[in-house]
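Residue numbers (our numbering): 1334 to 1473.
Beta carbons are placed, not taken as given, at the ideal position from N, Cα and C, and that holds for glycine.
Accompanying notes for the structure given below.
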């Protein structure tokens, strides 16, 4: 599971996203699919920057919080994070990537964002996986 974050006019914004993948190695690009009604999309359009945070197995609460419709300030309340490259990166994640938005393309009820990866961090750990409607880990 990932949480995509950005910095908007009203502060940090974020959403839980499962549609995130690599696109290119040269240049280093990633794809992020975002609901057209998302407040995080507004923040990404504003700052032209984003981060993808790969959640750790003990961060199920964060996955649920950022999947909800609570105001952005509420989502980030009590959530430790650091700004890297102008975007919030969540503490305790398995890995994170920051990037500069290159383009947005329509994709039905979503927008397909292409971002150029600028920095990567990999503190490590066991990632959180969502499969068949529930959370799992890769370790036994």
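Give the straight-line distance between the Cα atoms of residue i and residue j, rounded to the nearest whole angstrom.
i: residue 1410; j: residue 1397; result: 14 Å
i: residue 1377; j: residue 1383; result: 6 Å
i: residue 1468; j: residue 1462; result: 6 Å
i: residue 1432; j: residue 1449; result: 5 Å
i: residue 1361; j: residue 1456; result: 20 Å
i: residue 1441; j: residue 1374; result: 15 Å
Is there a Cβ of chain C sitting closer than 7 Å to that of residue i, yes or no?
i: residue 1459; result: No chain C appears in this structure, which consists of one protein chain only.
Who are the near neighbours of residue i in its chain, counting only those whose CB is closer than 6 Å to its CB and skipping five residues on each side?
i: residue 1438; result: 1445
i: residue 1281; result: Residue 1281 cannot be examined here, being either before or after the span of the chain that is shown, 1334 to 1473.
i: residue 1348; result: 1337, 1371, 1373 and 1399
How many whole angstroms separate the CB atoms of residue i and residue j, which I take to be in contact at a CB cut-off of 8 Å?
i: residue 1346; j: residue 1381; result: Their Cβ separation, rounded to whole angstroms, is 13 Å, which puts residue 1346 and residue 1381 out of contact at 8 Å.
Suppose the cutoff is 8 Å on Cβ atoms and the five residues either side in sequence are ignored; what does the same chain contact list for residue i look like?
i: residue 1436; result: 1446 and 1447
With a CB to CB cut of under 7 Å and the five nearest residues on each side skipped, what residues in its chain are close to residue i?
i: residue 1425; result: 1389 and 1392
To which residues does DSSP link residue i through a beta bridge?
i: residue 1449; result: 1362 and 1433
Report the residue ranges of all beta strand (DSSP E) runs contained in full by the segment 1365 to 1421; include only those spanning at least 3 residues, in chain order.
1382 to 1387 and 1414 to 1417
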